[in-house]
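Okay, so here's the structure we're looking at.
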Amino acid sequence: MWRLGFVGYINHYLDVSLSFGDFMNKTGFFFHEECLWHSGGNYAFTVPVGGFVQPLAAGGLPENPETKRRFKNLIEVSGLAKDIDILSSRRATVEELMLVHTKKYIKEFMSLSEEGGGELGRQVPFGPGGFEIASRSAGLVVSAVSSVMSGDFNNAYALSRPPGHHCLPDVPNGFCLLNNIGVAVRAAQANKEVERVAIVDWDVHHGNGTENIFYTDPNVLTISVHQERNYPLNTGDISQRGEAGGLGFNLNIPLPPGSGHEVYVQTMKRLVEPSINLYKPDLIIVACGFDASGVDPLSRMLCGANTFREMTRSIIHLAENHCDGKFVMAHEGGYSELHVPFCGHAVLQEMSGSVIEVFDPLKSRIDGQQPSKEFNDFVSGKINNIEKRIFG
Ligand SMILES: [Zn+2]
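Add 9 to the 1-based position in the sequence shown for our numbering, that's all there is to it.
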């Protein structure tokens with residue numbers, strides 16, 4: 010019963026409802042402390058503790074609250090928080106979740122959450138109140154989209170946790186329990202807030218859940234830029250272009266390990282931008298993972314805060330051209346406690362137009378580790394091939 014008490018407690022004290030008014034700034038930042046209370050279970054890195062796997066000294070999963078908490082702390086300490094509006098959000102409703110997820114999965118998730126937590130498949134454990142917390146995470150993205158479509162903000166950032174882009178309609182995986190962006194898009198479409206949406210997923214892992222949800226839907230263009238054969242191991246190939254009416258509206262851009270700033274900038278310019286220019290969406294949503302960072306423990310890429318800044322500029326430009334400036338960033342992965350806050354700060358500075366800048370303390374290290382011209386030429390050849398394949 011104490012677990013139900015916990016859920017009741019957070020419902021009563023933390024369920025802040027939104028009332029949009031005269032906001033001072035053009036960027037909304039949707040955050041709720043409850044999301045940082047999500048418990049990811051007893052894992053060492055990505056492996057369950059047990060047998061010969063000793064618990065880690067620092068504890069648990071790389072998907073822990075510190076990366077996000079430190080991101081929010083940094084924007085408070087730097088002063089950038091004054092140039093954005095920080096808001097909370099309601100949870101996504103069961104009806105909204107069921108626009109994407111099966112009734113069976115939602116019922117099982119709710120019931121195990123009430124029993125104190127557990128696992129429902131593919132090693133995504135959760136603790137007491139896990140369903141309510143995941144619904145809050147999805148709610149942050151729902152509210153971010155709604156606030157932008159209603160004109161309260163030009164753009165918005167949702168600091169969602171747990172993340173969403175690996176979650177399938179009936180199976181959680183890859184730290185993801187609900188597909189936050191999927192739910193937000195379907196809810197906005199159901200409310201007639203938006204018709205055509207482009208999702209740009211630059212989390213370093215393939216956005217397989219989001220791809221799956223919209224695979225046959227021409228009203229949602231899904232683009233995933235990811236490290237090839239990282240996670241999941243066997244998805245994210247360039248040949249997966251969508252099916253039926255959705256054929257041609259899914260684009261996978263698998264990049265080799267070692268790709269850095271130049272490769273990501275070229276990928277945006279030569280593949281992402283032309284795709285969105287052809288598609289002309291009403292809204293762009295970015296699945297904003299920071300795990301392509303040069304120091305992330307779950308990838309082998311070499312991006313710096315300046316890479317995320319540059320990619321954000323590209324999204325701003327696209328949104329200005331096609332969506333009246335409207336776009337939303339939904340937080341996904343990113344596992345370096347040190348680096349995520351600086352990458353996030355650069356993104357928020359670009360979104361808000363704030364003059365408050367903080368220096369990326371890893372800049373010289375990551376700049377110095379950028380791949381050779383030979384490597385970049387090799388990847389450029391791969392980008393040429395994808396270009397020919399999708400644009401003829
Ligand atoms: Zn990721």
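Ideal Cβ positions, reconstructed from N, Cα and C, are used throughout, including at glycine. Just so you know, these numbers come straight off a predicted model, no measurement behind them.
For Ser308, there is no enclosing beta strand (DSSP E), as DSSP gives it neither H nor E. Only exposed fits Lys201, as fewer than 16 other CB atoms lie within 10 angstroms of its CB.
Fewer than three Cβ pairs drawn from the region 245-254 and the region 272-279 lie within less than 8 Å of each other, which leaves the two stretches out of contact.
Here Met360 really is in contact with Thr36; their C-beta atoms are around 5 Å apart, less than 8 Å. Secondary structure at Val281: helix, using DSSP grouped into helix, strand and coil. Burial state of Leu106 is buried, judged by a 10 Å Cβ sphere holding 16 or more other Cβ atoms. The region 133-143 makes contact with the region 179-188, as at least three CB pairs between them are under 8 Å. Remark: the C-beta of Glu341 is in contact range of ligand 1, defined as less than 7 Å to any heavy atom. In the structure shown, Pro350 falls within a helical segment according to DSSP collapsed to helix, strand and coil. Remark: C-beta atoms of Gly298 and Lys372 do not approach each other more closely than 8 Å.
Annotated three-state conformation of Ile247 is coil, per DSSP. Setting aside the 5 residues that flank it on each side, Glu237 is surrounded in the same chain by Gly245, Pro263, Leu264, Pro265 and Pro266, each with a C-beta closer than 8 Å to its C-beta; the list follows chain order. Listed in chain order, the non-local C-beta contacts of Asp94 below 8 Å within the same chain comprise Phe32, Met33, Asn34, Thr36, Gly37, Phe38 and Phe162, local neighbours out to five positions each way being set aside. For Asp386, the enclosing alpha helix (DSSP H) begins and ends at Lys382 to Phe400. In the DSSP assignment, the residues bridged to Cys297 are His340.
In this model, Tyr273 and Lys289 are separated by some 22 Å (Cα to Cα).
Phe118: member of the alpha helix (DSSP H) spanning Lys112 to Glu123, first to last residue.
With a cut-off of 7 Å, the C-beta of Val209 is classified as distant from ligand 1, since no heavy atom of the ligand falls inside that distance. In the three-state scheme derived from DSSP, where H, G and I count as helix and E and B as strand, Ser87 is classed as helix.
Shown here, Cys44 sits in a helix according to DSSP, grouped into three states. Rounded to whole angstroms, the separation of the alpha carbons of Gly138 and Ser122 is 5 Å. Non-local C-beta neighbours of Val367 in its own chain, meaning closer than 6 Å and more than five positions away in sequence, comprise Ser87 and His354, ordered along the chain. In this structure the region 141-161 lies against the region 334-349, because at least three pairs of beta carbons, one per stretch, are closer than 8 Å.
Listed in chain order, the non-local C-beta contacts of Asp226 below 6 Å within the same chain comprise Gly255, local neighbours out to five positions each way being set aside.
Taken from the Cβ of His214, at least one heavy atom of ligand 1 lies inside 7 Å.
In this structure, Leu287 lies away from Phe258, with their beta-carbon atoms at least 8 Å apart.
Look at Gly130: its beta carbon is at least 7 Å from all of the heavy atoms in ligand 1. Annotation: the continuous alpha helix (DSSP H) that includes Ser155 extends over Gly139 to Met158. Of all alpha-carbon atoms in Ala199, Leu89, Gly173 and Gly303, the one lying nearest the alpha-carbon of Leu357 is that of Leu89. The closest heavy atom of ligand 1 lies less than 7 Å from the beta carbon of Asp300. Straight-line measurement puts the Cα of Gly362 at about 26 Å from the Cα of Ser284. For Lys382, the number of other beta carbons within 10 angstroms of its own is below 16, and it is reported as exposed.
With respect to Ala196, Leu108 sits close: the two C-beta atoms are nearer than 8 Å.
In terms of Cβ geometry, Gln379 and His270 form a close pair [threshold 8 Å]. When the five nearest sequence neighbours on each side are left out, the beta carbons in the same chain lying within less than 7 Å of the beta carbon of Val58 are those of Asn51, Tyr52 and Pro64, in order along the chain.
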